[in-house]
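Mapping the sequence shown onto the UniProt record's numbering, position 191 (from 1) lands on 191, and the numbers just tick up by one. Just so it is clear, CB atoms sit at the ideal spot from N, CA and C, and this is done for glycine as well.
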Amino acid sequence: MSILQFITGIGDGVADGPARLLNFDVDKWVHLNCGLWSDSVYETVNGALMNLENAIQMSLVTTCIHCNKRGATIRCFKNRCSSVYHLSCAVKDRCVFFKNKTVYCTVHVPKNEKDNELTTLSVSRRVYVNRDENRQVAAVMHHSDTNNLLRVGSLIFLSVGQLLPHQLQNFHTPNYIYPIGYKIIRFFWSMRRLNKRCRYICSIQDVCGRPEFRVLIQEQPEEDVELKDQTPKGVWQKIIDQITSLRRENQCLQMFPKFATGEDLFGLTEPAIVRVLESLPGIETLTDYKFKYGRNPLLELPLAINPSGAARTEPRLRNQLHWKRPHTQRTTGASVRPLFGPSLSGSATSTNSLGEMSCPYSKQFVHSKSSQYKKMKQEWRNNVYLAR
């Protein structure tokens with residue numbers, strides 16, 4: 001249902017009215033003319049509607065003067081006029097729309113401007129809502145309990161999977177990431193029935209510390225068949241070879257298997273999916289992986305799932321490192337002189353390479369922000385290297 005037009009109904013509207021629906025956010029739509037003629041919304045040369053989100057927020061508390069319902073966004077262009085309408089209400093109230101994207105109520109219609117009036121609200125050009133696609137993908141990933149799916153062409157993204165710290169090294173290559181539990185659905189040509197398509201459920205599992213690529217073939221009324229291999233190309237090559245043979249026997253249009261890669265069919269090269277995979281916890285620590293987009297702060301996925309739900313029941317990893325508390329800043333200097341008695345600059349006190357004393361009797365404290373900033377200004381020449 002449209003966001004800005006609550007009374008029009010579900011689906012596209014008439015061209016000379018609310019017009020077609022445009023996608024605004026995940027499972028949210030807006031009628032073209034409802035958004036185009038909204039107050040403070042403007043259109044770019046490419047046809048993108050800007051500032052629509054602010055108009056939607058304002059419409060939640062703005063009442064239409066014609067129907068007394070909320071959701072009104074079209075305001076009379078006359079200064080000090082408080083008339084605000086829904087689009088369909090503005091048409092019913094005989095408001096006048098002009099070519100320069102101004103709207104006037106019947107009371108304030110300018111005179112001698114008849115030539116600039118619009119005779120129809122139909123829009124045949126390309127118009128779309130300027131969206132933050134990364135944020136939309138993040139919304140789908142964070143709200144996995146809903147029925148929203150990430151679909152790219154013939155691919156449906158089901159699960160991103162996870163990688164534990166000790167699995168990162170074996171479950172990636174310099175160009176691809178293979179999370180355990182990754183699952184997608186690919187609609188592709190059937191290898192048993194000519195010119196038919198079927199579902200291929202592709203997933204990645206952990207077998208003996210190495211990724212195993214699986215493809216479950218679902219095709220009615222045939223029985224389900226599952227294929228496995230150590231590489232995505234190997235498992236898909238079995239399918240493509242049968243499709244190629246089937247087409248050759250029936251003298252149909254031939255396939256070119258060398259141009260079909262396993263990673264493509266697994267969806268591991270789709271930009272939206274690559275962004276999600278590169279946002280998995282721990283991926284930023286990989287030194288030999290070539291990042292395409294880098295870690296996206298909008299896709300802050302939860303940490304790796306604990307299967308048992310209790311940390312004490314999980315086996316301790318051999319390569320697990322002890323977490324150390326960060327050291328607080330200490331006072332620096334060559335020695336510490338007490339008020340009474342000899343100085344502590346002898347064997348009881350030692351200074352490390354950073355000028356910090358490792359004396360067990362030295363008082364540890366954290367400097368204030370202002371003192372840290374002053375110290376940074378004084379010592380910047382020792383910490384910063386300038387070059388052309």
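Do residue j and residue i come within 8 Å of each other at the CB atom, strictly closer than that value?
i, j, result
"L118", "C34", "no"
"T73", "S59", "yes"
"W182", "S154", "As written in the sequence, residue 182 is Tyr, which differs from the Trp given in the question. Contact flag unset, no."
"F157", "I239", "no"
"D27", "R20", "no"
"V91", "G17", "yes"
"residue 390", "R192", "Residue 390 is absent from the structure shown; the chain starts at 1 and stops at 388."
"L49", "V127", "yes"
"C202", "I180", "no"
"L168", "T285", "yes"
"L121", "F98", "no"
"S83", "I65", "yes"
"Y293", "R275", "yes"
"P232", "F266", "yes"
"Q205", "R199", "no"
"R125", "G47", "yes"
Alpha carbon to alpha carbon, what distance is there between residue j and residue i?
i, j, result
"E222", "T261", "26 Å"
"P211", "N175", "15 Å"
"D115", "R75", "22 Å"
"N352", "G282", "For N352, the predicted model reports a pLDDT of 46, less than 50, meaning its position is unreliable; a value from the coordinates is still stated below. Cα-Cα distance, rounded: 32 Å."
"R247", "T269", "27 Å"
"H31", "V225", "45 Å"
"V61", "C95", "22 Å"
"S40", "N130", "14 Å"
"N112", "D93", "21 Å"
"T63", "V103", "17 Å"
"E263", "E249", "28 Å"
"S279", "Q237", "29 Å"
"C252", "I243", "11 Å"
"V207", "N134", "33 Å"
"L22", "F188", "29 Å"
"R70", "A138", "30 Å"
"F24", "Q378", "51 Å"
"C67", "C105", "15 Å"
"V14", "N79", "31 Å"
"V152", "P257", "22 Å"
"A304", "L163", "Because A304 carries a pLDDT of 49, less than 50, the predicted location of this residue cannot be relied on, and the following value inherits that uncertainty. If you take the alpha carbons of A304 and L163, they lie about 7 Å apart."
"G209", "Q230", "12 Å"
"H166", "F291", "20 Å"
"S190", "I217", "9 Å"
Could you pull the start and end residues of the beta strand (DSSP E) that residue i belongs to?
i, result
"Q218", "210-218"
"K238", "Note, K238: premise wrong, no beta strand (DSSP E); alpha helix (DSSP H) at 232-249."
"A48", "48-50"
"L227", "225-229"
"I283", "I283 -> no beta strand (DSSP E), and no H or E assigned at all."
"V207", "197-207"
Considering just the uninterrupted stretch of the alpha helix (DSSP H) at residue i, what are its terminal residues?
i, result
"Q378", "369-378"
"R186", "Note, R186: premise wrong, no alpha helix (DSSP H); beta strand (DSSP E) at 183-189."
"E263", "262-265"
"K92", "87-92"
"V276", "271-277"
Less than 7 Å separating the Cβ of residue i from some heavy atom of the ligand MG?
i, result
"D264", "Among the components modelled here there is no ligand, and therefore nothing to report on the ligand MG."
Could you please give me the residues that DSSP links to residue i through a beta bridge?
i, result
"Q57", "Partner(s): none; Q57 has no beta bridge."
"L22", "V30"
"T63", "R70"
"R151", "I156"
"Q162", "I180"
"F97", "V103"
"Y128", "A48"
"Y42", "M50"
So that I know if they touch, is there some Cβ in chain B lying closer than 8 Å to that of residue i?
i, result
"C34", "In the displayed structure, chain B is absent; only one protein chain is listed."
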